[in-house]
Amino acid sequence: MESTKTQPIVELQQVRKEYRQGHLQVQAVNGVDLTIQEGEFTAICGPSGSGKTTLLNLIGCLDTPTEGRVLVGGRDVSALSDSALADLRLRQIGFVFQAYNLVPVLTAFENVELVLALQGVPAAQRKKRVLSILEEVGLLELRDRRPMDMSGGQQQRVAVARAVVANPRLVLADEPTANLDSHTGAALLQMMADLNREHRVTFLFSTHDPMVMDYSRRIVRVVDGKIAADELKPRGAGDRSPAAGDPPAAGEA
Amino acid sequence: MAMFFKMAFRNLWRRRFRTGITLVAIGGSFSLLLFFVALTEGSHQLMIDLAIRMQAGHVVIQAPEFQKERALELRVTDPDEVMRRIGPLPEGWTATRRIFTTGLLRSADGSVMLDNLMAVDLENERKVSDVGRKLVRGAWLDPDEPGILIGEKAARLLKVDVGDKVVVSCSGLTQKVEERFLVAGVFRVGGDADRGMAMIGLARGQALLGMGDAVSQLAFFLPPDDSQAAARELRRRVQGLPVAVLHWQEALPVLTQLLWVDDISMQVFIFIILVIVAAGILNTVLMSVMERTRELGILKSLGMRPWSLFRLIVTESLLLGLLAVAVGAALGLPLVHHFGQVGIDPLALTGGEVMEMEGIAFTDRIHPVLSWASGLILTAVVLGMTLLSAVWPALRAKRILPVKALRQM
Ligand SMILES: Nc1ncnc2c1ncn2[C@@H]1O[C@H](COP(=O)(O)OP(=O)(O)OP(=O)(O)O)[C@@H](O)[C@H]1O
Ligand SMILES: [Mg+2]
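Those protein sequence lines, which keep their order, are chains A and B.
For the first sequence, position 90 matches number 90 in the numbering used here, and the numbering has no gaps at all.
For the second sequence, position 289 matches number 289 in the numbering used here, and the numbering has no gaps at all.
Structural data, given as structure tokens:
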């Protein structure tokens with residue numbers, strides 16, 4: 001939106017998603033045009049049932065639109081096979097869900113390592129990457145714990161570490177703070193804002209949480225499957241308007 | 001990939017109670033199969049061994065028509081020529097000559113029908129026959145005496161014992177003949193043979209029946225190796241002579257048939273057990289896929305390929321199958337080994353009923369044996385079954401839609 005020089009990482013063109021429930025048809029997403037640029041830190045908000053999750057799923061290639069085009073990294077994803085979509089997700093997109101993100105039988109370390117293992121990164125290199133990202137999210141001590149033995153906030157931090165460990169271009173987070181208290185939620189957001197600033201990872205949230213909106217520079221409001229407003233705050237995470245590579249500190253929540 | 005095994009193993013461990021039950025069920029069934037197959041193999045070996053020693057040989061040579069009709073005139077007229085053609089016997093082989101006929105055995109107190117009166121090569125028959133080892137009174141035949149070996153039941157009916165006189169009357173080659181014999185020994189082999197079978201020396205038999213040098217059968221006993229190959233080789237060597245070379249499977253069609261039927265029923269039993277095993281695995285794996293829908297959906301969203309999910313589930317079942325086979329072998333092999341040593345009383349298996357076939361009673365203890373081939377085939381079949389029953393759950397895992405899975409908490 002702001003910087004037309006860079007290739008948008010996500011582009012939705014007239015996207016519609018219709019669900020059928022018996023005779024009832026639900027327009028979960030109803031004609032959305034949306035462009036997300038590299039390095040953004042953007043929140044999609046709106047009332048429950050407005051289509052936020054559906055929108056993120058479409059962008060994350062977990063779901064296919066009924067109509068319209070979804071482009072990720074400039075590529076139309078409707079043409080891709082299941083395996084190719086899996087590869088696209090593996091290499092370009094990280095996911096953080098609302099809760100129960102982790103594989104219960106794997107430790108924090110292994111959960112993060114999994115993505116690299118799927119990418120075929122050699123073990124020694126995996127270990128280095130995983131340890132460094134766990135240190136960054138402050139979970140080095142808990143690396144051998146199973147999800148069951150961690151708090152919700154700690155689990156979400158592991159999920160974020162897993163989402164960013166392979167340097168994806170885009171991280172999609174569906175209500176990542178919904179199950180956390182405000183203090184823990186703020187810490188998680190600060191962490192993601194730091195990752196956004198330091199590694200230029202693009203973050204796209206869906207949320208009800210005012211705190212997430214405080215952190216985000218761009219806020220897309222969705223009502224009934226349509227974009228009702230698209231606001232850009234003068235300051236906030238994902239702000240890249242000043243000299244490139246030197247953004248101001250993250251939002252003052 | 002190591003990660004796969006780690007996840008598969010831990011998933012089994014996570015549900016260790018259920019995994020344990022499945023393991024015990026599959027492992028138990030597997031050990032049961034091992035034991036059952038070993039028992040069948042052991043009893044077959046016993047039956048073959050006994051039937052061969054009593055009625056045939058591993059390979060027999062006889063007149064071409066003799067197999068159809070056991071008549072005296074259907075004979076091998078020149079057994080020496082047959083042996084000359086065959087040449088020196090390999091190490092461990094025994095050849096014995098026999099005449100088979102029927103007749104009547106009489107004493108002062110009564111008579112019994114002999115449906116198997118044998119005139120046998122005293123030296124060689126003794127090495128192979130069960131009769132010599134199962135004498136309850138008396139001793140093996142002496143070539144210098146007009147001796148006869150009779151069964152225990154016949155002795156009781158005729159009220160005779162070792163040393164007593166009996167009269168054998170039968171049809172010789174050209175006329176009816178009759179001769180006195182002295183009871184040299186009384187045997188108990190079990191079954192009808194104890195009444196209807198008797199043995200005399202070959203030379204005496206040939207003279208009595210007017211057979212000259214002729215015999216009904218030359219029977220060959222070999223060490224336990226490829227008797228089919230031996231039969232082929234003997235057939236080649238006696239080519240041109242008016243004799244037939246038969247492998248025991250041809251010479252004892254009833255036994256062959258019986259073993260075949262027994263094999264079929266064993267296979268049916270194995271199949272039934274395997275279906276139960278497969279249902280058990282299917283249930284376990286399917287449940288573990290269903291209750292992990294969300295987790296599998298997350299793996300898929302992270303970019304795990306559909307076929308990788310399939311492989312993950314198959315790996316899990318394979319691991320389960322391998323563990324089960326290990327448990328089954330740990331339970332079953334000692335059992336097979338133990339009973340292989342001490343043997344099992346066949347009466348215990350049949351509930352006191354003596355199993356009999358063509359006059360041969362199987363009263364010897366059965367020693368279960370498991371051949372490597374059977375053990376490996378069973379293992380492969382159980383593992384194959386495990387994999388097969390994992391296919392459907394694994395396909396379900398492969399087809400999980402992340403969007404749906406993620407809505408599930
Ligand atoms: N699989 C589905 N089948 C039928 N209807 C669906 C399905 N998924 C979503 N919907 C409907 O689509 C609409 C949008 O749902 P979506 O989950 O995207 O909303 P949301 O904005 O994420 O809501 P929330 O804030 O409660 O998570 C809702 O009306 C929902 O009932
Ligand atoms: Mg939602």
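For each residue, glycine too, the CB sits at the ideal point set by N, CA and C.
Span of the beta strand (DSSP E) holding residue i?
| i | result |
| --- | --- |
| VAL183(B) | 176-187 |
| SER132(A) | It is not in any beta strand (DSSP E) - SER132(A) instead sits in the alpha helix (DSSP H) that spans 123-136. |
| TYR19(A) | 10-21 |
| GLY375(B) | Unbroken run through GLY375(B) is the alpha helix (DSSP H), 372-399; no beta strand (DSSP E). |
| GLN217(B) | 217-221 |
| ARG137(B) | 135-138 |
Among the options, which residue has its Cα nearest to the Cα of residue i?
| i | options | result |
| --- | --- | --- |
| LEU202(B) | ARG16(B), ALA108(B), GLU123(B), THR94(B) | GLU123(B) |
| PHE205(A) | ALA187(A), ASP224(A), GLY22(A), ALA178(A) | ALA178(A) |
| SER169(B) | GLY163(B), LEU208(B), ARG156(B) | LEU208(B) |
| THR35(A) | LYS52(A), GLY49(A), VAL72(A), GLY46(A) | VAL72(A) |
| PRO90(B) | THR256(B), LEU222(B), GLN206(B) | LEU222(B) |
| ALA2(B) | VAL220(A), ALA108(A), PRO122(A) | PRO122(A) |
| VAL167(B) | ARG180(B), LEU157(B), LYS159(B) | ARG180(B) |
| SER83(A) | ARG235(B), LYS398(B), GLU81(B) | LYS398(B) |
| THR54(A) | ASN111(A), GLY94(A), LYS226(A), ARG217(A) | LYS226(A) |
| ASP130(B) | GLY57(B), GLY87(B), HIS44(B), ILE86(B) | GLY57(B) |
| ASP224(A) | PRO104(A), GLU18(A), ASP209(A), ILE9(A) | GLU18(A) |
| GLN175(B) | ALA38(B), GLU73(B), VAL275(B), GLY163(B) | GLU73(B) |
| MET83(B) | PHE362(B), ASN11(B), ASP115(B), VAL245(B) | VAL245(B) |
| SER216(B) | LEU401(B), SER308(B), GLU65(B) | GLU65(B) |
| ASP181(A) | LEU58(A), PHE109(A), ASP209(A) | ASP209(A) |
| ARG18(B) | GLU250(B), GLN249(B), ILE281(B) | ILE281(B) |
| LEU401(B) | PHE339(B), ARG294(B), VAL189(B) | ARG294(B) |
| ARG145(A) | ASP174(A), VAL15(A), VAL103(A) | VAL103(A) |
| LEU349(B) | ALA25(B), PHE362(B), VAL391(B), ILE148(B) | PHE362(B) |
| ASP115(B) | ARG106(B), ILE200(B), THR102(B), ALA108(B) | THR102(B) |
| LEU50(B) | GLY328(B), ALA193(B), MET287(B) | ALA193(B) |
| ILE99(B) | GLY212(B), VAL403(B), LYS165(B), ALA184(B) | GLY212(B) |
Tell me whether residue i, by its Cβ, gets closer than 6 Å to a heavy atom of ligand 1.
| i | result |
| --- | --- |
| GLN25(A) | no |
| GLN155(A) | no |
| GLN98(A) | no |
| GLY49(A) | yes |
| TYR19(A) | yes |
| ALA28(A) | yes |
For residue i and chain D, any beta-carbon pair shorter than 7 Å?
| i | result |
| --- | --- |
| GLU295(B) | You won't find chain D in this structure, because its protein chains are A and B. |
Checking the sheet assignment: what are the DSSP bridge partners for residue i?
| i | result |
| --- | --- |
| MET199(B) | MET118(B), LEU149(B) |
| ILE270(B) | DSSP lists no partner for ILE270(B). |
| SER171(B) | LYS176(B) |
| PHE205(A) | ALA43(A), ALA173(A) |
| ILE227(A) | VAL222(A) |
| LYS165(B) | LEU182(B) |
| ARG69(A) | GLN13(A) |
| HIS247(B) | VAL59(B) |
| GLY103(B) | LEU114(B) |
| LEU232(A) | ARG218(A) |
| ARG292(B) | None, per the DSSP bridge assignment. |
I'd like to confirm something about residue i: is its beta-carbon nearer than 6 Å to some heavy atom of ligand 2, or not?
| i | result |
| --- | --- |
| LYS52(A) | yes |
List the endpoints of the continuous alpha helix (DSSP H) containing residue i.
| i | result |
| --- | --- |
| VAL82(A) | Note that residue 82(A) is Asp in the sequence shown, not Val. Its alpha helix (DSSP H) spans residues 82-92. |
| ASP80(B) | 79-86 |
| ARG235(B) | 227-237 |
| GLN27(A) | Per DSSP, GLN27(A) belongs to no alpha helix (DSSP H); it is in the beta strand (DSSP E), 24-36. |
| LEU116(A) | 108-119 |
| PRO212(A) | In the sequence on display, residue 212(A) carries Val and not Pro. Here the alpha helix (DSSP H) through VAL212(A) covers 210-215. |
| VAL164(A) | 152-164 |
| GLY185(A) | 182-199 |
| ASN57(A) | 52-59 |
| LYS404(B) | 402-407 |
Would you mind listing the alpha helix (DSSP H) stretches within the stretch 300-370 of chain B that are 4+ residues and don't spill past its ends, in chain order? 306-342, 346-350
At 4 residues or longer, what runs of the alpha helix (DSSP H) sit wholly inside the stretch 12-98 of chain B? 16-55, 79-86
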